[in-house]
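*Asks:* Just dropping this structure here.
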Amino acid sequence: MPLIPARLEFAADGTPWSEEFGDVYHSAAGGPAQARHVFLAGNRLPERWAGRERFVILETGFGFGLNFLATWQAWRRDPARCGRLHFVSLEKHPFTLSSLGVLHSRYPEFENEAAQLHACWPMLVPGAHRLELDAGRVVLTLFFSDIKLLRELRLAADAIYLDGFSPARNPDMWSHALLRAVSRLAGPGATAATWSVAAPVRAALESAGFAVEKAVGFGNKKEMLLARYVRKANPVSTSRRRNAVVIGAGLAGAAICERLCARGWQVRLMERHAIPAQEASGNHAGSFHPLVTPDDSVFARLT
């Protein structure tokens, strides 16, 4: 199915609006403030990432990236920040680069972060897009896909931003099946936060293994939901450094080393020659043959 970009629209009060869903992208009381109150403070950030080697955030709806920009800015300003911040988000209808420029110009507090995001904004094609920022210490993994893709992902989230259009306007985003998929991606001690306090959302979270409580909401929302995953999660190392040994400094070995280092691994490279690429990988020219597939398959990503 071809990707359909979001249309640039605004409500009467100037708040970014989606005509398709009949809903705003954030509270009329302010997008950045909502991001900080609901999603950062709601997940006890930046407190919880302090001193960690890495921290993983999962977001169910990227929109035009305000939650990410607010989180990235908070991380940059925090002297006790984690070594690496991984932010994973899904968006079925991403904005074009030109539309992002218009939207982000309304929030000058994010001028620096937005400019860097624009510089690496990917082509609007379905699938996974990995954006490395701040010398690779912040990694934004964007999936331009239907939210159902959550069922296929593998990660262990420390914090979860449950964001999207209202349950009445976009029920698939808040269904029991979807939140069960979210719970499968929750790491040990994972928390979640959302501005919605709809009874079906609370029931779906509790059914998926979260303990849920209400907290003071933002703007015209009297309350919001905080959640903590209480079922046994798959154990994930969050502080121990990961080590790898790569044998051979040809094209494959060098590429593996580069990607592991980009992900924070400590890598030891073993090569019998004094310099790399001395055998088959030392050819003066080579050919590259990408595998073209109709879907976002693992083989297509590798090539």
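Here the working numbering is used: position 12 in the sequence shown is 83, and no number is missing along the way.
For every residue, glycine included, the Cβ atom is placed at its ideal position computed from N, Cα and C.
If I follow the unbroken beta strand (DSSP E) through residue 204, where does it start and stop?
*Replies:* For the purposes of this step, residue 204 is taken as the residue at position 133 of the sequence shown. Element bounds for residue 204: 198-204.
*Asks:* Roughly how many whole angstroms lie between the Cα atoms of residue 276 and residue 350?
*Replies:* Start at 1 with the first residue of the sequence shown, and residue 276 comes out as number 205. Start at 1 with the first residue of the sequence shown, and residue 350 comes out as number 279. Answer to the nearest angstrom: the Cα atoms are 55 Å apart.
*Asks:* Is residue 136 helix, strand or coil by DSSP?
*Replies:* By 1-based counting over the sequence shown, the position of residue 136 is 65. Looking at residue 136 - three-state DSSP - the assignment turns out to be coil, as it is neither helix nor strand.
*Asks:* Flag this pair as yes or no: are the beta carbons of residue 106 and residue 141 separated by less than 7 Å?
*Replies:* The residue you call residue 106 lines up with position 35 of the sequence shown. The residue you call residue 141 lines up with position 70 of the sequence shown. Contact flag set, yes.
*Asks:* Is residue 289 closer than 7 Å to residue 97 when the C-beta atoms are compared?
*Replies:* Taking the sequence shown and counting its residues from 1, one reaches residue 97 at position 26. Taking the sequence shown and counting its residues from 1, one reaches residue 289 at position 218. No; because the gap between Cβ atoms is not below 7 Å, this pair is not in contact.
*Asks:* Pick out whichever of 87, 237 and 313 has its Cα sitting closest to the Cα of residue 166.
*Replies:* Numbered from 1 along the sequence shown, position 95 holds the residue referred to as residue 166. Closest option to residue 166, Cα to Cα, is 87.
*Asks:* Which residues share a DSSP beta bridge with residue 51?
*Replies:* Given a span of 72 to 374 for the chain in the structure shown, any question on residue 51 remains unanswerable.
*Asks:* Going along the chain, which residues of its own chain have a beta-carbon closer than 8 Å to the beta-carbon of residue 121, five neighbours each way excluded?
*Replies:* Against the sequence shown, residue 121 aligns to sequence position 50. Within the same chain, residue 121 has close Cβ partners 149, 151, 152 and 153.
*Asks:* Measuring straight from C-alpha to C-alpha, what distance separates residue 282 and residue 270?
*Replies:* By one-based count along the sequence shown, residue 282 stands at place 211. By one-based count along the sequence shown, residue 270 stands at place 199. Taking the straight line from one Cα to the other gives about 14 Å.
*Asks:* So what does residue 295 bridge to, in DSSP terms?
*Replies:* Along the sequence shown, read from residue 1 onward, the residue named residue 295 stands at position 224. The partner list for residue 295 (beta bridge, DSSP) reads 286.
*Asks:* According to DSSP, simplified to helix, strand and coil, what is residue 251?
*Replies:* As a working note, residue 251 is residue 180 in the sequence shown. In the structure shown, residue 251 sits in a helix (DSSP, three-state: H, G or I).
*Asks:* Where are the beta strand (DSSP E) runs, 3 residues long or more, that stay fully inside the stretch 135-193, in chain order?
*Replies:* Counting only runs of 3 or more, we get 155-161.
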